[in-house]
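Peer 1: Protein chains in written order, with the UniProt record's numbering: chain A, 1 to 350; chain B, 1 to 350; chain C, 1 to 350; chain D, 1 to 350. I'd like to ask you about the structure that follows.
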């Protein structure tokens, strides 16, 4: 009789640490528990089409430091626009079920963000044995204090903002830098604090351009020769101006310059925030979460997502996580701490 | 009447994040609570001699990213060899008391490692109002889950070990790399896991050279072309050989080569592990701890050390911390996780 | 009698290595030849207004690794729109002459790019003793093989493109990355070769979007899962579409996706390319050029620009440099070398 | 009839850029000229034993950024202790000849340092068609201004010394840092200048410990709080003390502390200087040299080493290169430039 078999996939936007997690999961499963490990290609797309590779020890070697995912990823959402239409050839969930059964999987491990965990939960409800493994550069996954990818993204953004400081200082400019974060401002908050941002704008705290302009003028009057403004890509541009500006940073820089007369420039960090080798922190975290996921399988604790809680590796039910988003609470202590240091958040509390 | 005044000092080995903590502490105290901030030079030496500078906003600007400490540091231990000898001119603790009173300090904030917290506790028992702020590249401070300096040191060590991988692979060698950690193996454990170390040796787990040699020979037989051995500087060299080897890495590399015939080389990372700009993680942590220390003063919660507990910023009584050391427990989950990935710890559990 | 005095200024866009050059210039002048060194603030603006600081040894200490310029810079062009109008109070060139004479300068050293060298030449023609010191991230200064700033910019761009590789690979995407270079494609060419760019577009080589699309489709058909396109910011967008796209990278990514159906994304590196600590290469080069400039003064060789020629530090007459631009020749060997490796330049030679 | 075939090997110590050169060589040969490319394993050892792999396009993909060499390397010197003993089974040179002929090689490309070029020349004299491609972290290869590996090593060393600055400053210490360079001081000279070293000791300039101690005491008296001493591993330790010290840095640090009473510590950078991803500069250089080597084959210009001369890629006869070493001339302009900035070289010229 053959070995027991588990499946893995990576889904959603890529982030540093995915390969570290795959390696840890795979090596633990193979070396410690003698599983066979199937890696589906391009996220749920590979699970639907049945495209996979066998992850043996050789394939898992040398990937710890590698950015991205050796399995590929996609934004395929198998339950989207899903109509249970019995006359249809085969729905995507049915295809998944078939792949799962054909391969005789003991368990399916879904590595991904909020959307992935939601899909994982739906698969669990269909009867599959599923473990979720969270990854994110946004830190917005509900149910875990943190997960891998975020520290790397904060590091990259911080290093970039460090560079902008010297340029801003030499030219006595306002530099507006846009970091990732459609819904959650964690990346802007952490990289803004780490790099000494003077203004930090996040989706969770409404801002007015006038408050920011007044604050920056005040700094100028106090002989501070330059300012750094860190904005999350998800902050709103006022309705009538959305056509005019290609991004929030563009809007802020242009408006501040008009309101204050101070030279302002924008930089959008973009995809560099997701790529490259993970930080040591993320490698350790990804390794530990991957290892823990296999222990959950051995304990037959299905339909859970591994997580970090109170500084410890733990797990949480997928149904608790599914469909939720972890945002920055406006009374998060970091907001107040940053304000104590003089940071402006664009509202009246500054 | 003048402003209320607080004092700060940095003591013990320097580490990345000290300036971030000084900046946060100082700015919060000055901007939010209108304190005057006195910075003593060269740790407790400056407190004894009364050498200090006034830290105004200008001096606190632009230091967030800077390694080391703008205040200087020393290993001065004012209570060492201290005899209460009434006929002596003035003892060091008396000199400290006098500086503290002459300056009319509201509170003294001592930033440092285990030794510093112990001294802080003794000053508290003398009647001074003291707050401890932990810093370490060793992660061995009792009472806090983590503090700044460690993540930077792990990052530097990991990046160095990444470099050694390519050399080891090209030459099909065993590379033995020695990281800091006299008593605690945290740095070796984290950087070893982050860099995929094949053997990790820490002071808390006894090893035999024979176990290591057998493990490395086994890898060689399995066609693994090279191996990385990460050792903490505090692991013991067997008694009769201590004269012969200038460091544990030297001993391990030489002995492994003799026992296995496999080419082995050592590298000792040394002081580079303490220097340079802090990681984003450490900057955020140092900033948050610094800010929290000022809040403790405002709440008049003296004689405590700020700390991280269960992922939250918190504080703990100095008397609970003083004189203790936080070591790696041999049943720490990371040990088992690393073993699952095939890592050897040099003992029979491998 | 007082010391002999020389003046320094930095003008134009900032770049890594300016402070290394200021330090070397200043220390050599002070320590070796006992000059007094005057540093004008904000480029030619400080020379016009007479705003300066005395650069003593202390001010020159610890700045070697610092990005930007401690003197500040501006894009002030004192000869622009200059009308010799005798009834005017004082023209900018007259103000410069007055500052120069009032301070009794032995020589003025102008650190900057093409525009700065042009202004320096005009000042020389007015009778000032001037030395030019080239700096650039664009490598487009005529008369020197290379100067500091370029290697740092290439390094930053290359590291960023390295990160994009892993993302492009995981998502099987085309990533279009825009680097600096309005007129000259050096930065795109070097960072493109250093990072293995599949397509490199520079202002000096006309391209067609159809050639690029065909090339990228061909790669796709050959099972290359992703492609990297490096474009200089100065490549043209066809006339009717200039309104629609906010940058060349935006145009290329959008058009390629439409023409090929392959997912394409753009990233604009922006100001991060100018900032931060200089590479070791740039530090050495800036140090050497700064030192050489002082030797030119001692040899009374005025109105020259220090340069690198045939791998040696040398100098060239300002009049030979002034008003020229060093572009990539379409038959530069690197173009052909890159083509041999399969790189496409967007024209029929591919 | 089959394709024409060329062979490649990498020999001697590994260095960053080897894979970039292999990739460029291989891709140019395959894509442009339709060669088959044979890669020998572990340097000349693979050429002797006939162990090789076929380097196709897939094997050459994704290696540009990788440190080390995918072919492996060794210090095998096939002509060492070589006795033309006709009764012997087969000498190493004979085995090489046989491999070369059996595979029907058009040409053999030897990538390596001085020793490798010497061996390449001997093979040429035996009648093989050989091209040398220089690599080095020491910059000591005669016949080329520079080659890849050196810039990466300088960068790594400089970054490490940057870190030591902050530690030295905080503790007011003398930090002695040892970089590679057995015979040539290039790495110490460049990294010392790039990092602002106060003392630079290289094998080419004799030093006395008394000169260094006097210089460091003088700095201390002038209120410079710390000093950085950069030493090449090849500087001599005086005869009677060689047993006592495990390295020159150890000797210098210990002796300076004894002579001056100033706290001194040593750090030996070791193997990290050879590893990891090459700098952008080295990637471009390795790529260009690799490409040029193939052009030499097409032009049938055998028995030459590709090189950089006067800033251009060129080639030189192997016989001119063989057996020579490029050392730092004591009157090299960088020595005088560094002295102007106050650097001490340990002799009377300081």
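We treat Cβ as the ideally placed atom computed from N, Cα and C, and that holds for glycine. Keep in mind that this is a model prediction, so the values were computed, not measured.
Residues in the same chain with beta-carbon distance under 8 angstroms from residue 348 of chain B, minus the five sequence neighbours each way, listed in chain order, please.
Peer 2: These residues qualify, in order along the chain: 211.
Peer 1: Among all the DSSP beta bridges, which residues are the ones paired with residue 317 of chain B?
Peer 2: Answer is B:304, bridged to residue 317 of chain B.
Peer 1: If we cut at 8 angstroms on Cβ distances, does residue 287 of chain D have a partner in chain C?
Peer 2: Answer yes: the Cβ-Cβ gap between residue 287 of chain D and chain C drops below 8 angstroms somewhere.
Peer 1: Considering only the alpha carbon of each residue, which of D:72, D:145, D:199 lies closest to residue 12 of chain D?
Peer 2: Ranking the options by Cα distance to residue 12 of chain D, first place goes to D:72.
Peer 1: Relative to the alpha-carbon of residue 36 of chain A, which residue among A:25, A:43, A:123, A:42 has its alpha-carbon at the smallest distance?
Peer 2: Answer by Cα proximity: A:25.
Peer 1: I'd like the span of the beta strand (DSSP E) that includes residue 272 of chain B, first residue to last.
Peer 2: No beta strand (DSSP E) contains residue 272 of chain B, which DSSP labels as neither H nor E.
Peer 1: Establish whether the CB of residue 169 of chain C and some CB of chain A are separated by less than 8 angstroms.
Peer 2: So, interface residue.
Peer 1: Let me confirm a value: residue 98 of chain C is counted as buried when at least 16 other C-beta atoms fall within 10 Å, else exposed. Which label applies?
Peer 2: That one is exposed.
Peer 1: Rank C:269, C:77, C:27, C:41 by C-alpha distance to the C-alpha of residue 159 of chain C and give the top, closest one.
Peer 2: The candidate whose alpha carbon is nearest that of residue 159 of chain C is C:269.
Peer 1: Can you tell me the Cα-Cα spacing of residue 325 of chain D and residue 281 of chain C, whole angstroms?
Peer 2: Straight-line Cα distance between these residues: approximately 23 angstroms.
Peer 1: Report the rounded CA-to-CA distance for residue 345 of chain D versus residue 340 of chain B, giving the unit in angstroms.
Peer 2: Whole-angstrom Cα-Cα distance: 52 angstroms.
Peer 1: In terms of DSSP beta bridges, what is residue 8 of chain A paired with?
Peer 2: According to DSSP, which records beta bridges pairwise, residue 8 of chain A is partnered with A:39, A:109.
Peer 1: By the DSSP assignment, the beta strand (DSSP E) with residue 227 of chain D in it spans what residues?
Peer 2: Run containing residue 227 of chain D: 227 to 232, per the beta strand (DSSP E) assignment.
Peer 1: Residue 162 of chain A touches chain C at which residues, Cβ-Cβ below 7 angstroms?
Peer 2: Here the neighbours are 276.
Peer 1: Could you check the C-alpha separation between residue 273 of chain A and residue 259 of chain D for me, to the nearest Å?
Peer 2: So the two alpha carbons sit approximately 51 angstroms from each other.
Peer 1: At 9 angstroms on the CB atoms, spell out the chain C contacts of residue 28 of chain D, in chain order.
Peer 2: What residue 28 of chain D touches in chain C: 337, 340, 341.
Peer 1: Alpha carbon to alpha carbon, what distance is there between residue 172 of chain B and residue 142 of chain D?
Peer 2: One C-alpha to the other measures close to 28 angstroms.
Peer 1: What is the DSSP secondary structure of residue 30 of chain C, reduced to helix, strand or coil?
Peer 2: Three-state result, residue 30 of chain C: helix.
Peer 1: When burial is assigned at 16 or more other CB atoms within 10 Å of the CB, is residue 243 of chain B buried or exposed?
Peer 2: That one is exposed.
Peer 1: Any idea if residue 102 of chain C is buried or exposed, counting beta-carbon neighbours within 10 angstroms, 16 or more meaning buried?
Peer 2: Classification for residue 102 of chain C: exposed.
Peer 1: Could you check which residue in A:333, A:131, A:229, A:321 has the C-alpha nearest to that of residue 299 of chain A?
Peer 2: Nearest option by C-alpha distance: A:131.
Peer 1: Taking only beta carbons into account, state which residues of the segment 187 to 198 of chain A come closer than 9 angstroms to chain C, listed in chain order.
Peer 2: Hits within the stretch: zero.
Peer 1: Roughly how many angstroms lie between the CA atoms of residue 139 of chain C and residue 6 of chain C, to the nearest whole one?
Peer 2: Their backbone Cα atoms lie some 27 angstroms apart in a straight line.
Peer 1: Can you have a look at residue 54 of chain A and say buried or exposed, based on whether 16 or more other CB atoms are within 10 angstroms of its CB?
Peer 2: That one is exposed.
Peer 1: For residue 203 of chain C, count neighbouring C-beta atoms within 10 Å of its own C-beta (all shown protein chains included) and say buried if the count is 16 or more, exposed if not.
Peer 2: Buried, since its Cβ has 16 or more Cβ neighbours within 10 Å.
Peer 1: Using the rule of at least 16 other Cβ atoms within 10 Å of the residue's Cβ for burial, across every protein chain shown, is residue 199 of chain A buried or exposed?
Peer 2: When all chains shown are included, residue 199 of chain A counts as buried.
Peer 1: Span of the alpha helix (DSSP H) holding residue 298 of chain C?
Peer 2: Segment 280 to 298, the alpha helix (DSSP H) holding residue 298 of chain C.
Peer 1: Taking 8 angstroms as the CB-CB limit, is residue 268 of chain B close to chain D?
Peer 2: Interface residue, yes.
Peer 1: Is the segment 227 to 241 of chain C in contact with the segment 176 to 191 of chain C, if contact means three or more CB pairs nearer than 8 angstroms?
Peer 2: Verdict: yes, contact present.
Peer 1: Taking only the alpha-carbon atoms, compute the straight-line gap between residue 240 of chain B and residue 333 of chain D and give it to the nearest angstrom.
Peer 2: Each residue's alpha carbon lies about 51 angstroms from the other.
Peer 1: Kindly say whether residue 55 of chain B, judged by its beta-carbon, lies nearer than 8 angstroms to any beta-carbon of chain A.
Peer 2: No, no contact with chain A.
Peer 1: List the residues that DSSP assigns as beta-bridge partners of residue 264 of chain A.
Peer 2: According to DSSP, residue 264 of chain A bridges with A:174.
Peer 1: Would you say residue 184 of chain D faces chain C, with C-beta separation under 8 angstroms as the test?
Peer 2: No, residue 184 of chain D does not count as interfacial toward chain C.
Peer 1: Could you check the C-alpha separation between residue 95 of chain A and residue 67 of chain B for me, to the nearest Å?
Peer 2: Taking the straight line from one Cα to the other gives about 55 angstroms.
Peer 1: DSSP three-state call for residue 115 of chain B: helix, strand or coil?
Peer 2: If DSSP states are grouped into helix, strand and coil, residue 115 of chain B belongs with the helices.
Peer 1: Quick check on residue 66 of chain C - is its C-beta less than 8 angstroms from some C-beta in chain A?
Peer 2: With 8 angstroms as the cut-off, residue 66 of chain C counts as an interface residue toward chain A.
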